[in-house]
Every structure is written in C-alpha cells, then in structure tokens.
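Chemist: First the structure, which I've put down as structure tokens, then a few questions once you've had a look.
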Amino acid sequence: MDQCLFCKIIKKEIPSEVVYENDSVLIFKDITPKAPTHLLAIPKKHYAGIHLVPPDDSIIFQQLFAAIGETVKIIGLDLAGYRQVINFGDCAGQTVHHIHVHILSGRDFTWPPG
Ligand code: AMP
Ligand code: ZN
C-alpha cells in the first residue's frame, strides 16, 4: 500500500526540517509557511483524522499534545502566543490525510478563521 506523504517524512524518505522528535511524535517546519513560525506536529502512527482513532489508542493524543507543549516552551511560543489548527476533510481544506496539528505564531490571527 502506498504510504502517505507524512509517513514518508517520518521514515526520512522525504526530508523535512525537524524541530522535535521522540518515539511517537514528529514536529517539523511546514514547507509553505502561513506565518513566520509554522510547524506541523504529527503522531508517528497513521490516522487520517482524530475521529478515526479508536479509544484504545487515544494515548497518541496525550503524546502529541505533550510534545507540542514541550516544543512551544522550548522555542518561546508560550510567551509569543500561538494558534493550533487541525483540518479534516475537503471543507476544512485538508490536503494531507495524516493527523497533523498546525502550530502558527509570529503574527496576529483573525477570528473567526476564514
Ligand atoms: P492541510 O492542508 O491541513 O492538510 O496541511 C498540510 C500541510 O502540509 C500544508 O500546510 C503544506 O504546506 C504542508 N506540507 C506539504 N508537503 C510538505 C512537506 N514535504 N514538508 C513540510 N510540509 C509540507
Ligand atoms: Zn501517514
């Protein structure tokens, strides 16, 4: 079965600028940043969306958000402020079907989002 783009990034078959990595999570720079800081945080386990994660695998959310929390402190986004976005499906503009949290910072963001 063909692997998705982010699974290839996890396996280092496609290069990325890694900001944080542990056994279960990878955080890397978005290739087309939409803000001065634009990172993508992904679980290493492939699921297309958060509602597709079975309850007995919900530890991936703990691992993902713990890694994000650690990373935003390391790079100072806890002081600057940041926005996190998770797109799913066509209406949200999802283009890569592997759970990813966008972490955006370095400018002001409008609310509600477009
Ligand atoms: P989404 O549109 O929410 O599915 O987000 C997918 C994100 O992946 C977009 O912001 C893209 O810019 C980003 N992206 C696509 N290919 C790569 C890549 N090779 N390395 C880093 N980010 C990528
Ligand atoms: Zn994947």
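In the numbering used here, the protein residues as written are 99 to 212. Cβ coordinates follow ideal geometry from the N, Cα and C atoms, glycine included. This one's a predicted model, so the numbers in the text were calculated from it and none came from an experiment.
What is the residue span of the alpha helix (DSSP H) that T193 lies within?
Modeler: Note, T193: premise wrong, no alpha helix (DSSP H); not H, not E.
Chemist: Could you check whether the stretch 184–196 touches the stretch 120–129, counting it as contact only if at least three pairs of C-beta atoms, one from each stretch, sit closer than 8 Å?
Modeler: no
Chemist: Would DSSP call T169 helix, strand or coil?
Modeler: helix
Chemist: If you check the beta carbons only, do T169 and V117 fall under 8 Å apart?
Modeler: Yes.
Chemist: Identify, in the order they occur along the chain, each residue of the same chain with its Cβ nearer than 8 Å to the Cβ of I112, setting aside the five sequence neighbours on each side.
Modeler: L103 and K106
Chemist: Report all residues for which the CB-ligand distance to some heavy atom of the ligand ZN is below 7 Å; order them along the chain.
Modeler: Q101, C102, F104, C105, H144 and H196
Chemist: What are the boundary residues of the alpha helix (DSSP H) that includes L150?
Modeler: It is not in any alpha helix (DSSP H) - L150 carries neither H nor E in the DSSP assignment.
Chemist: Beta carbon of G147: closer than 7 Å to some heavy atom of the ligand AMP?
Modeler: no
Chemist: For the alpha helix (DSSP H) that contains F104, what are its first and last residues?
Modeler: Taken as a continuous stretch (DSSP letters only), the alpha helix (DSSP H) holding F104 covers L103 to I108.
Chemist: DSSP state of A178, grouped into three classes?
Modeler: Note: A178 maps to helix in three-state DSSP.
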